[in-house]
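Protein chains in written order, with our numbering: chain A, 25 to 630; chain B, 13 to 623. Built from N, CA and C at the ideal position, the CB exists for glycine as well. The structure presented is a predicted model; accordingly, all values stated were derived computationally and were not measured.
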Amino acid sequence: MSTEHHDPTSSRIGAQSELGTLATLRRGLELSPELRRGLLVTVVLAVVATLGRVIIPFVVQQVTDNGILASGGPDIAFVARAIGGAAVVVALTSVAQYFVNVRLFTSAESGLATLRMTAFRHIHDLSVLTQSTERRGSLVSRVTSDVDTISMFVQFGGLMLLISTAQIMLATVLMLVYSPLLALVVYLCFVPLVFLIRRFQPMLGRAYGVVRERVGDLLGAVSESIVGAVTIRAYGVEERTAERIDKAIEEHRAAAIRAQVRSVMAFVSGQAFAGLTTAVVLVVGTVLATRGDLSLGQLLAFLFLVNLFTQPVLMATEILNEMQNAVAGWRRVIGVVDTQADVSDPGAEGVHQERGPITVDFEDVSYAYPDGPTVLEEVTLRLEPHTRVAVVGETGSGKTTLAKLLTRLMDPSGGRVLLDGVDLRDIAFASLRRRVVLVPQEGFLFDEDLAENIRFGRPEASDDDLALAVTELGLDAWVDGLPHGLATRVGQRGESLSAGERQLVAIARAYLADPDLLVLDEATSAVDPSTEVRVQRALEGLTRGRTSVAIAHRLSTAEAADLVVVVDRGRVVELGRHADLVGRGGVYSRMHASWSSQQGSDVVAP
Amino acid sequence: MSVVSAPVPRQPATRAVLRRGLRVIWGGIRVERRPFALAVVGSVLWAAATVGTAGAIGWLTDAVIEPAVGRRSVSAADLWAIFGLLALVLAVNVVGVILRRVYATVAGFNLQARYRRGVTRQYLRLPLAWHHRHPSGQLLSNAHADVEATWQVFNPLPMAIGVIFMLLIAGGMMILVDPFLAFIGLLVFPGLFAANLVFQRAMSPRITRAQELRAEVAQVAHESFEAALVVKSMGREDEEADRFRTRTLELRDSLVEVGRTRGTFEPVIEAIPTLGTLAVLGVGTWQVAQGDLDAAQVVQMAYLFSILAFPVRALGWVLAEIPRSVVGYDRVQHVLTARGGLEFGEGRARRDGGPAASRLDGVTYRHEGEEEPALHAVDLVVPAGSTTALVGPTGSGKSTLTNLALRLVDVEGGAVTLDGADVRDLGKGEIPAVATLVPQQTFLFDDTVRNNVTLGADASDESVWAALRVAQAEGFVRALPGGLDAMIGERGGMLSGGQRQRVALARAVWRRPRLLVLDDATSAVDPSVEQAILAGLREASDGMTVLVVAYRMATITLADQVVYLEHGRVLDRGTHAELVDRCRGYADLVHAYAREAAERAAVERSEEEAR
Ligand SMILES: Nc1ncnc2c1ncn2[C@@H]1O[C@H](COP(=O)(O)OP(=O)(O)O)[C@@H](O)[C@H]1O
Ligand SMILES: Nc1ncnc2c1ncn2[C@@H]1O[C@H](COP(=O)(O)OP(=O)(O)O)[C@@H](O)[C@H]1O
Ligand SMILES: [Mg+2]
Ligand SMILES: [Mg+2]
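Put into structure tokens, the structure is as follows:
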């Protein structure tokens, strides 16, 4: 079976997508289709609300001109009618505005929720290596504050931009009707502004982009100080840590102010142009009026139109600024969403394998971490069904790397890994993760109770299944000794348990998952020897009939294994049973000698 | 699955929100006096220029343009006057806006930075027990989103103050025109105030919920990303996505509710001044008909009102931000006012370079929220210069004991001493200066190898290499691109587990502590490397007292004294040989592997014989 496999070099999480503003907006809308849903009705309502707002000053004008200042004294009946009418318009406007607001909030928040969920899910779909190119705290910002940044713009900005554009066009038409010449003057005055905005926009975009990155750094630094609390206290390095955080805080502050100052400058230049336009129009208009081309009334009316024109222009520059802020947030989120998942699920096209005894083949497998030297070289290996395999070797020799390739947390740079003859890359994750489970060196527990943590291995497991698993692993005495048994909460990251206890829970979890191939990567390194031996025996009994791969420094595991794989500097140097290897005088016999010398001679055989 | 939600006490949604909000704002103003004052000056300039623009155009029309049109000729001087006056007003306006906006931003972000420093300082100061109670994601949210929520109000604030200034001018002018009509018009303000009270009351609980949910979303994300390896290796991405979805959708609903409340409030705030204008017009017309007022006065009054319509909205924005600000402030305050950091004495630890003596007398310790103590009346004497091994089954309290010895936590009963001084009497930073712990859980910073070893202190390359050599880390560090200056990734993710442990060991060794506490610090290291490390340590440990938690015989047999712990009690102490003889639990523990091997051999033999 040969399928196209893409380039195995791992990708980094894009700090920001490289998309331009428009492309970012387009991609953003694509990712949050809710933003467009029902937009037509909202626009209609918004137009109603805007018209209402334009009508009111007009009515006031009418009331004063034709009511109060009516030639035959105040026309009370007219005023009453006009005010009554205006009150109705105010009510309608308010209602329309209310619906606009609610509809916008709903679509914006729904769209952003979708975006958060898409990004979150995609982060989990990225390979472990890609994930580790960014600090966890910073990753969190991609689904929280980066998304929040977008909300202001999508709530009001987009719509206001549309309405402003409409208003600008309306004002333009009216100005042309009143005085094409003055309209030309207005446009000439605004041409430089267009160029200025075009220059400012990318600058602003970059400035806001920097702010988003600083937020990520800030959260990364804070998160480090929280997770490393014990080490920081034990070494009394609070001050240095505080300095690191302060640096991040200060850089964020400076970046935020810098971006904001640029946005103020962009806004103010708009305002300056608007003011200058009024002045120029008044000057030119006065000249025209003295020539008799224009009446004074017309000139003043035209000034009103200029105002009608500049207001939305100012609003638009403001929104464009806000848009750059949103785009910066969007770029970060899109940066992560569009990062290619290099270890990807073949999905529906993938092979779904039957459960049962499993054979693993490594064929000329090599691996190098990105930009690193080769850490596994041409490993060829066959693990038969029903065997217990022990992988031993010095630290840093490549054992964990081997385990990660075996469980497809990473793809080899060269060669392939086969499960029952099928390339791992062709097996659907649903099937692969069911069949193959890794218990990593540092297991992670959730801030839940014990039962929930163990159940993580198989969410559908019943309470009886759970209890049975705990008993079979010989952990029942320990669990019963806990104040609330299986309902004991383990605290964040499981920190209310001792390190060894955490490992026991991680093993129970994997055990409950009941895979065909269980890979234990130093999974009992913090557990005391008696407990370890007990758990190991239990596992042995249980893994009979499946394949298990255990990485351990305690060679008791190797002694009991059907096959010992000795890894040294990225190569498999020896392969065989303990009994065969121990006397061979190679790496393994040296390791074993060193191990057994540690066990002391005062052993009392039972 | 559920997330323990923020244990931030909720303030009852009282009428006091506005008052409290103003107090928060006032507090901020006092801290950032200068930028705020500049912003207000800017705002006043802006307000004056805004009112001035209309006045200037009116004046120019009357004094320059109308006569010129009448004359049918205009002089260059007239045109310059028109342009000059408007440009002047514009200049004032622009300067005002720049001052207002820039300094409002500066004040707001300065406050944010200041509070972030305060909050993170607390994170560093508060005891470990406090950290256990508070999910990391929530703490992240406190430091970022809540601080931001508190001080965001400073963006619209100066403008609102400018608006108040405008209102005062306009109100004064109105009263000058006609007190009765002004009274009718100014009724608008009690109206606005009432609307605002209703709004604040409706908004506060919703905003509180939204900020809580924000923290919960951050919490789920943070936990889930930290668990990424486990999630992936068990194929639980879908379940995690569901967990995140639940919170995200709740947050969405809550934000939509916030939006609905705001969306109701805004049109009302906007409508009230307009209705006021209409009322003034109506009453005014009636008064004109009665002959009490002349028409021009009413028109002027209506004009004054109409220029206020937009600025009043700005006031509305500030009012709308207030509940968020108060909620953010409460959440931040919850961190800032948390008590219970360790209290330090004045004492100084001896720094003569000789080994330190550590002692626990009748120490009892209970983890927060637990009924059973993790340690019961533990006595332990670690004489200066000795090596003491602490042995015991998983969960027997060894790590707890090491934490107590270095005063990472305080005893509940009994006392811990260092060189005879109660550790609680020593000054801050004294213990870390002489005693070092290598915790069971390795923690490395996202930094270079060098900085991870020295933790930022000045050091010669040679001393760093020497420490790495003792920890058997020299070889692989030399192979790293960049050597000592190689970045090792978040939590040292670019190293293998055993390499991480060795860097952590080097960090301890480099400090040449007088008391070195190793909590199972070589668990991920293979036996031969472990032996080399131990040999190196022995050489380097002249003048060092060592307390080591260990399971491996090689380590234990190096010890002068072995202390055996079970269920938080010291069951026995003595030399290895003595304990093997008289302590059953101990013998079982240390011989587990050998017995296992022997049994296995026996089984194999009997299987062969059977064949
Ligand atoms: N994420 C990573 N990036 C770069 N190099 C790595 C990474 N993880 C491990 N390495 C390197 O790969 C080599 C093998 O590591 P590993 O497989 O973890 O060893 P071990 O046999 O101790 O489990 C080590 O030299 C280590 O420094
Ligand atoms: N933060 C905590 N909160 C509650 N219980 C804890 C906490 N840390 C440890 N424990 C419990 O205290 C006991 C001793 O833990 P520990 O000292 O870590 O054991 P070990 O001997 O394995 O190092 C264990 O039963 C553990 O579950
Ligand atoms: Mg490893
Ligand atoms: Mg421990």
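Nearest-angstrom Cα separation, counted from residue j out to residue i
| i | j | result |
| --- | --- | --- |
| residue 532 (chain A) | residue 435 (chain B) | 40 Å |
| residue 214 (chain B) | residue 341 (chain B) | 18 Å |
| residue 510 (chain B) | residue 426 (chain B) | 37 Å |
| residue 276 (chain B) | residue 172 (chain B) | 21 Å |
| residue 460 (chain A) | residue 579 (chain A) | 24 Å |
| residue 604 (chain A) | residue 619 (chain B) | 18 Å |
| residue 532 (chain B) | residue 525 (chain B) | 18 Å |
| residue 305 (chain B) | residue 193 (chain A) | 41 Å |
| residue 112 (chain B) | residue 365 (chain B) | 59 Å |
| residue 40 (chain A) | residue 395 (chain A) | 21 Å |
| residue 512 (chain A) | residue 530 (chain A) | 15 Å |
| residue 300 (chain B) | residue 287 (chain B) | 20 Å |
| residue 593 (chain A) | residue 221 (chain B) | 55 Å |
Closer than 8 Å to chain C by CB, residue i
| i | result |
| --- | --- |
| residue 229 (chain B) | Absent from the structure is chain C; the protein chains it does hold are A and B. |
8 Å Cβ cutoff, residue i in contact with chain B
| i | result |
| --- | --- |
| residue 292 (chain A) | yes |
| residue 628 (chain A) | With a pLDDT of only 40 at residue 628 (chain A), under 50, the local geometry of the prediction cannot be trusted, and no value is derived from it. |
| residue 232 (chain A) | no |
| residue 354 (chain A) | no |
| residue 159 (chain A) | yes |
| residue 597 (chain A) | no |
| residue 615 (chain A) | yes |
| residue 494 (chain A) | no |
| residue 550 (chain A) | yes |
C-beta atoms of residue i and residue j nearer than 8 Å
| i | j | result |
| --- | --- | --- |
| residue 170 (chain B) | residue 266 (chain B) | no |
| residue 303 (chain A) | residue 94 (chain B) | yes |
| residue 526 (chain A) | residue 515 (chain A) | no |
| residue 247 (chain A) | residue 138 (chain B) | no |
| residue 43 (chain A) | residue 165 (chain A) | no |
| residue 413 (chain A) | residue 586 (chain A) | yes |
| residue 593 (chain B) | residue 554 (chain A) | no |
| residue 129 (chain A) | residue 69 (chain A) | no |
| residue 562 (chain B) | residue 403 (chain B) | yes |
| residue 549 (chain A) | residue 536 (chain B) | yes |
Any C-beta of chain A under 8 Å from that of residue i
| i | result |
| --- | --- |
| residue 113 (chain B) | yes |
| residue 186 (chain B) | no |
| residue 251 (chain B) | yes |
| residue 449 (chain B) | yes |
| residue 19 (chain B) | For residue 19 (chain B), the pLDDT reaches just 47, beneath the cut-off of 50, and the residue's location in the model is therefore unreliable, although a value from the coordinates is still provided. Chain A contact via Cβ: absent. |
| residue 627 (chain B) | As shown, chain B starts at 13 and ends at 623. That puts residue 627 (chain B) outside it, with no answer to give. |
| residue 346 (chain B) | no |
| residue 621 (chain B) | no |
| residue 177 (chain B) | no |
| residue 474 (chain B) | no |
Checklist entry - Looking at chain B, which residues of the stretch 133 to 157 of chain A have a Cβ within less than 8 Å of any of its Cβ atoms? => result Correct list: 133, 134, 136, 137, 140, 141, 144, 145, 147, 148, 149, 152, 155 and 156.
Item to check | Interface residues of the stretch 100 to 122 of chain A facing chain B [CB-CB below 8 Å] | outcome: 100, 103, 104, 107, 110, 111, 114, 115, 117, 118, 119, 121 and 122
Item to check | Secondary structure, alpha helix (DSSP H): runs of 4+ residues fully inside the stretch 290 to 349 of chain B | outcome: 307 to 348
Next on the checklist: For the stretch 557 to 568 of chain B, list every residue whose C-beta sits within 8 Å of some C-beta in chain A, in sequence order.
Outcome noted: 563, 564, 565 and 566
Item to check | the stretch 82 to 104 of chain B: positions lying closer than 8 Å to chain A by Cβ | outcome: 83, 84, 85, 86, 90, 91, 94, 95, 98, 99, 101 and 102
Checklist entry - Mind pulling the beta strand (DSSP E) runs of 3 or more residues that sit fully within the stretch 345 to 425 of chain A? => result 384 to 392, 398 to 407 and 412 to 417
Item to check | Nearest-residue set for ligand 6, Cβ under 7 Å from any heavy atom | outcome: This structure does not include ligand 6; its bound ligands are ligand 1, ligand 2, ligand 3 and ligand 4.
Item to check | Entirely enclosed beta strand (DSSP E) segments - the stretch 441 to 472 of chain B, minimum 3 residues | outcome: 447 to 450
Item to check | Chain-ordered residues of the stretch 249 to 274 of chain A with a beta carbon less than 7 Å from chain B | outcome: Considering only beta carbons, the part of the stretch 249 to 274 of chain A lying closer than 7 Å to chain B consists of 249, 250, 251, 252, 253, 254, 255, 256, 257, 258, 259, 260, 261, 262, 264, 265, 266, 269, 270, 273 and 274, in chain order.
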